[in-house]
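Colleague: Got a structure here, written out as structure tokens. Questions coming.
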Amino acid sequence: MEEHRYLLDERPRAFQHGDYHVGNMVVTPEGELGIIDFNRADYGDPWEEFNRITWDAAISPWFASGRIHGYFQGREVPDSFFRLMALYIASNQISSIHWTIPFGEQEVEVMVNQAQEVLNWYEGFQTHMPNWYKPMPRSS
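Converting from the sequence shown to our numbering requires adding 3 to each position, the first position being numbered 1.
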């Protein structure tokens, strides 16, 4: 993580939900997507919002990949995005394990298992592209 801190230099700041993932999405009675749980809202790098995409990817790599494609509106996803997402995910995984301690051993185990899964996705962080990512098909 330390050798990739330079990626944080001069990043933009924007309003963030702070806990944006499939667990905080609901379908409204009108059949529309609703987002809940804004108690972690703050300002920061817009790409930091992908630090909890781990929950999405665990459920559906296609959904997680679609979130990324949607964010970039069909344009090519820059390599710098994947490098920063890896950094933000690594940082979040470390803090999440400690965060779960007051919630009991079972929750700690969930986060430790997720951290192991993340390590597998990134081949021990020897790569910055998670193995679940599905590139957008090229138009002909």
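Each residue gets a CB set at the ideal place from its N, CA and C atoms; glycine is no exception.
To the nearest angstrom, how far is it from the Cα of Gly127 to the Cα of Glu33?
Modeller: Locating residue 127 in the sequence shown gives position 124, counting from the first residue. Locating residue 33 in the sequence shown gives position 30, counting from the first residue. Using only the alpha carbons, I get a separation of about 43 Å.
Colleague: Below 8 Å CB to CB, which residues in the same chain sit around Pro64 once its five sequence neighbours on both sides are set aside?
Modeller: Within the sequence shown, residue 64 is the residue found at index 61, counting from 1. Taken in chain order, the residues that qualify are Trp135, Tyr136, Lys137.
Colleague: Cα separation between Glu108 and His101?
Modeller: For the purposes of this step, residue 108 is taken as residue 105 along the sequence shown, with counting starting at 1. For the purposes of this step, residue 101 is taken as residue 98 along the sequence shown, with counting starting at 1. Straight-line Cα distance between these residues: approximately 11 Å.
Colleague: For the candidate residues Asp59, Glu51, Phe18, Met88, whose alpha-carbon lies nearest to that of Ala176?
Modeller: No information on residue 176 is available, as it lies outside the stretch 4 to 143 that the chain covers here.
Colleague: If Ala61 and Glu120 are in contact, beta carbons under 8 Å, what's the gap, nearest whole angstrom?
Modeller: Counting from one through the sequence shown, the residue named residue 61 turns up at place 58. Counting from one through the sequence shown, the residue named residue 120 turns up at place 117. That belief holds up - the Cβ atoms of Ala61 and Glu120 are roughly 7 Å apart, short of 8 Å.
Colleague: Who are the Cβ neighbours of Pro15 in its own chain at under 7 Å, not counting the five residues just before and after it?
Modeller: The sequence position of residue 15 within the sequence shown is 12, counting from 1. Asp48, Pro49, listed in sequence order.
Colleague: Of the choices Thr31, Asn27, Ala89, Ile71, whose alpha-carbon is the least far from that of Met132?
Modeller: Here the question's residue 132 lines up with position 129 in the sequence shown. With distances taken between Cα atoms, Met132 lies closest to Ala89.
Colleague: Can you grab the Cα-Cα spacing for the pair Pro81 / Arg141, in whole Å?
Modeller: Numbered from 1 along the sequence shown, position 78 holds the residue referred to as residue 81. Numbered from 1 along the sequence shown, position 138 holds the residue referred to as residue 141. The straight-line gap from Cα to Cα measures roughly 15 Å.
Colleague: Taking the alpha helix (DSSP H) that Gly69 falls in, what are its first and last residues?
Modeller: Taking the sequence shown and counting its residues from 1, one reaches residue 69 at position 66. That run of the alpha helix (DSSP H) goes 64–74.
Colleague: Near Met28, what residues of its chain come up, given a Cβ to Cβ distance below 8 Å and the 5 sequence neighbours on each side ignored?
Modeller: Here residue 28 corresponds to residue number 25 of the sequence shown, with the count starting at 1. Cβ neighbours of Met28 within its own chain (closer than 8 Å, five residues either side excluded): Leu36, Gly37, Ile38, Ile39.
Colleague: List, from N- to C-terminal side, the alpha helix (DSSP H) runs of 4 residues or more that fit wholly inside the segment 100–135.
Modeller: Runs of the alpha helix (DSSP H) spanning 4 or more residues and lying entirely within the segment 100–135 occur at 108–124, in chain order.
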